[in-house]
Amino acid sequence: MIYGAFSFCALYWIYPYYIQFMRFWGSQLNRKLNHELNPNAV
């Protein structure tokens, strides 16, 4: 029970950072893919 509450608290604190991290990596991957698909684009 204590472990469940602790994991929930950890998830609650980490979640916003995780969202920000994934959004950052998503934008980086999209930029890389767009550049590979269309090298002439800026």
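Counted from 1, the sequence shown has number 35 at position 34 by the numbering used here; the numbering is strictly sequential. The C-beta atom is built at its ideal place from N, Cα and C for all residues, glycine as well.
In this structure, how does DSSP classify Asn-35 when only helix, strand and coil are distinguished? Under the three-state reduction of DSSP, Asn-35 is assigned to helix.
Got a sec? Which residues, its chain only, sit under 6 Å from Met-23 by beta carbon, not counting five neighbours each side? Apart from sequence neighbours up to five positions away, no residue of its chain approaches Met-23 with a beta-carbon distance below 6 Å.
Exercise. Which value, in whole angstroms, describes the spacing of the CA atoms of Ala-6 and Tyr-13?
Worked result: Cα to Cα, Ala-6 sits roughly 10 Å from Tyr-13.
Out of curiosity, what's the CA-to-CA distance linking Glu-37 and Tyr-4? Computed Cα separation, rounded: 45 Å.
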